[in-house]
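As they're listed, the protein sequences go chains L and P. Under the working numbering, the residue at position 367 of the first sequence is numbered 1189, and the numbers go up by one with no gaps. Under the working numbering, the residue at position 74 of the second sequence is numbered 268, and the numbers go up by one with no gaps. Using N, Cα and C, we set each Cβ at its ideal position, and we do this for glycine too. Let me begin by presenting the structure, written as structure tokens, before commenting on it.
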Amino acid sequence: MTKLTYLIPLFPLIGFLVNGLGRRMVPKSVAGLIGSASVLASFILSVLVFMEVRVDGFTAQEVKLFSFIKTAGLDIPFAFQIDQLSSLFLLIITGVGFLIHVYSAAYMHEEEPQHYARYFAYLNLFVFSMLLLVLGANYVIMFIGWEGVGLCSYLLIGYWFKNGDYNDAAKKAFVMNRIGDLGFLLAVFWMIGQFGSTSFGVIFPKVDATAPAVLTGITLLLFVGATGKSAQIPLYTWLPDAMAGPTPVSALIHAATMVTAGIYMIARSNIMYTLAPITPTVVAVIGLATALFAATIAIQQNDIKKVLAYSTVSQLGLMFLGLGVGAYTGAVFHVMTHAFFKALLFLGAGSVIHAMHHEQDIRNMGGLKKHLPITHFTFLIGCIAIAGIPPFSGFFSKDEILMGAFAHSPVLYFIGTFSALLTAFYMFRLYAMTFLGQFRGTQEQQLHVHESPAAMTVPLIVLALLAIVAGFVGVPEVFIKDAHWLEKFLAPVFAASTAKQGEHVVSHSTEYALMGGTVLAILVVMVYALKKFGNYSKTAEPATGFARVLENKWYVDEIYDAVISRPLRGFSVFLNNVMERSVIDGVVNGTGKFIQYSSRQFRWLQSGQVGSYILIMVVATVVFFIIQIFGK
Amino acid sequence: MPINYYIFLAVALFSIGVIGVLTRRNAIIVFMCIELMLNAVNLLLVAFSKMHYANAVTFNPGTTTGAEAQLFVFFIMVVAAAEVSVGLAIIVMMYRNIHSVDINFLNRLKH
């Protein structure tokens, strides 16, 4: 089966080509069908691969397709790596991807055929790039996928390209990603210089004998790439703006898959991060800071998608915290559960927006519980899952990361838990304002509120089921011994790191106490949020004081504008007005003027008088003679 | 006679030729001055030829050193004769066209 791995990314690529090239010819139904079917085919193949990989004692396999770059001393094959980590990501990407494709087919039904096909073409290209990213057996192939998903993200955020703001958001995402990608690229160059190869199989065994300073440099540069792609401080501001894209895109790219690429990359390079002295601390601190920072912003947002976007940033921060403290399994586990419940929440939000005719402000919603029963129920499940209430999936994965943090340092644990409490608060605030209380929209909206079609609700139900049960693949040791299936499954990938780290054991009684305390606190926060916002009325006056700072996202965009954009723009104006006008134009025009002037002077030499020519000749000859005779 | 005298004479002849070419406007005189320069060179060639021969013959009575220069002189004379015929023909054509042999009128290149 592993020999046929190349088929997994091939199907979406074909789907992209057919829909992309034939977008003026294929009718809407066919375009949706091609888009969804190609991802379904990949999903089936991924399941087959997974069945093979899950057998005990499976060792990582490298499938070389062809030689990609081959020069003296450097050979980069176009190769795929099949192991536990990549097969798990394959399942998440193609599985969630397929559900979102099906959902999109209904959600985007108002689009014209040509744009509809374009949408599915982009979506398939995205799936293809993402599969390349997780399948690549070296950093170069990973980088191709890494750039590909960035491009698709740009294309899909700016999908409604007639709207200037959306284009700006797309550009912002692209530029922010480019900053990170530069770090990634430098890391790849450094690795080529240091190890003479970019293949995982070559680099990782050599890491032990590498100078710690070099490892720190490489891992930090890779982490810069991760902060761009996975929206961490300081490069996170593109993700909330990326909500300009269609909602299923936000679910697929900006919640479930692409933004987890950074986590995948670090989990893949885990041995380098374990051995590098400073980097894990940096990763943990940045992750935690992002988790807390984004959570505080989410409390005061009123756009349903913005709340979810900041929540995504916050959850990604939590995953980086897990990576930083060495809880690699926990981070990957959280990627998986987060993919389910965040995709569910986004699709639920999409269903609400669809029903409300593109209304996104939760202050104008409320009371949708009885109009959208399925959406309401599944959304509630998503909220419970993300808040971390047992036995829903979010509880297990978040708990694992937080326990890893506790073993490292209780301070990290308490800050992390605080951000988890904030998560519960803003999620139930969102839920309460959207579904509970009185309807606050317009009369016309109220008349047309309707439950979404089956193509949209079925993915919601499937994702809701996954959000409930996905946690059971990683039941912690305290509950049942040896029940953490995921940890055993991923053990070969993280084996080297585990051996280096040694055991951090938290006693069972402590773990029970912490867990119980956290769950209790989350429940209290949940009840408080439901009480506070359950009967929200629109008359609330504009936010003041600290709430206002939060509503304006800590003014980070404004700070970036003042610190980076404005000086840059000022510098550009300076270059345009002074450098361009005076210096460059001066040089160019000066050259022309000088040539013209000197030509006019030299013209007198060519007078047409033979006598003067001869005179010049004679004088020149005499001068040469003088030089010849006296010059020595 | 020392070689210096020949050289001074040749330089004087050559300079007269150059100055004549530069200053005179009559095409025929310019032409004559060119001949003067050529002959100044011929004079030098012959003078040096004799000098080298005189130096060489004391060591080797049967030498032919210096003969090449005299050959050159004959070449130059032949070429000069040919050139004179062409040059005079040009001057005749010039006179037919502009009714003058003043070279300052011959400035068509300029316009």
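Any idea what DSSP makes of residue i, helix, strand or coil?
i, result
"residue 277 of chain P", "helix"
"residue 264 of chain P", "helix"
"residue 880 of chain L", "coil"
"residue 1399 of chain L", "helix"
"residue 146 of chain P", "Shown here, chain P extends from 195 to 305; a query on residue 146 of chain P therefore has no answer."
"residue 1057 of chain L", "coil"
"residue 856 of chain L", "helix"
"residue 223 of chain P", "helix"
"residue 1021 of chain L", "strand"
"residue 1418 of chain L", "helix"
"residue 887 of chain L", "strand"
"residue 1303 of chain L", "coil"
"residue 899 of chain L", "strand"
"residue 258 of chain P", "coil"
"residue 1183 of chain L", "strand"
"residue 985 of chain L", "coil"
"residue 1264 of chain L", "coil"
"residue 1458 of chain L", "Any answer about residue 1458 of chain L is impossible in this case: the structure gives chain L only from 823 up to 1454."
"residue 1221 of chain L", "helix"
"residue 1210 of chain L", "coil"
"residue 905 of chain L", "coil"
"residue 960 of chain L", "strand"
"residue 1192 of chain L", "coil"
"residue 893 of chain L", "strand"
Please compile the residues from chain L whose C-beta is within a distance smaller than 8 Å of the C-beta of residue i.
i, result
"residue 297 of chain P", "1432 and 1433"
"residue 235 of chain P", "Result: empty, since nearest Cβ-Cβ is about 14 Å, beyond 8 Å."
"residue 240 of chain P", "Simply none; closest approach about 22 Å."
"residue 280 of chain P", "Within chain L, no residue comes near residue 280 of chain P; the closest Cβ sits about 17 Å away, beyond 8 Å."
Output, in chain order, the set of chain L residues within a Cβ distance shorter than 7 Å of residue i.
i, result
"residue 215 of chain P", "1436"
"residue 212 of chain P", "1440"
Nearest to residue i by alpha carbon, out of the options?
i, options, result
"residue 1069 of chain L", "L/910, L/1131 and L/1029", "L/1131"
"residue 1187 of chain L", "L/1256, L/1288 and L/825", "L/1256"
"residue 1274 of chain L", "L/1355, L/1071 and L/1170", "L/1170"
"residue 829 of chain L", "L/854, L/862 and L/850", "L/862"
"residue 1007 of chain L", "L/1383, L/1305 and L/1042", "L/1042"
"residue 278 of chain P", "P/204, P/259, P/199 and P/230", "P/230"
"residue 284 of chain P", "P/224, P/247 and P/239", "P/224"
"residue 927 of chain L", "L/1298, L/1016, L/1129 and L/852", "L/852"
"residue 1125 of chain L", "L/1253, L/1232 and L/1074", "L/1253"
"residue 1281 of chain L", "L/1259, L/1406 and L/1173", "L/1173"
"residue 243 of chain P", "P/265, P/226, P/255 and P/222", "P/265"
"residue 1027 of chain L", "L/1092, L/951, L/1345 and L/1427", "L/1092"
"residue 1022 of chain L", "L/915, L/991 and L/900", "L/900"
"residue 834 of chain L", "L/1233, L/947, L/1152 and L/881", "L/947"
"residue 1120 of chain L", "L/1168, L/1438 and L/1374", "L/1374"
"residue 1293 of chain L", "L/1118, L/864, L/839 and L/1160", "L/1160"
"residue 1300 of chain L", "L/1355, L/1333 and L/1451", "L/1333"
"residue 1064 of chain L", "L/1177, L/1134 and L/1400", "L/1134"
"residue 941 of chain L", "L/922, L/1306, L/1203 and L/1052", "L/922"
Would you mind giving the Cβ-Cβ distance between residue i and residue j, rounded to the nearest angstrom? I have them listed as a contact below 8 Å.
i, j, result
"residue 1048 of chain L", "residue 1080 of chain L", "About 12 Å separates the two Cβ atoms, so there is no contact after all."
"residue 869 of chain L", "residue 913 of chain L", "7 Å"
"residue 1097 of chain L", "residue 1014 of chain L", "Not a contact, Cβ separation roughly 19 Å."
"residue 1271 of chain L", "residue 1193 of chain L", "4 Å"
"residue 1278 of chain L", "residue 929 of chain L", "6 Å"
"residue 1038 of chain L", "residue 1100 of chain L", "5 Å"
"residue 1149 of chain L", "residue 1208 of chain L", "19 Å between Cβ atoms; not a contact."
"residue 1243 of chain L", "residue 1381 of chain L", "Contact flag wrong, Cβ pair sits at about 27 Å."
"residue 1050 of chain L", "residue 1003 of chain L", "6 Å"
Can residue i be considered in contact with the ligand HEM, in the sense that its beta carbon sits closer than 6 Å to one or more heavy atoms?
i, result
"residue 200 of chain P", "The ligand content of the structure shown is nil, which means the ligand HEM is not present either."
| field | Residues within the region 1423-1442 of chain L neighbouring chain P, beta-carbon criterion of under 8 Å | value | Here the close residues are 1429, 1430, 1431, 1432, 1433, 1436, 1437 and 1440.
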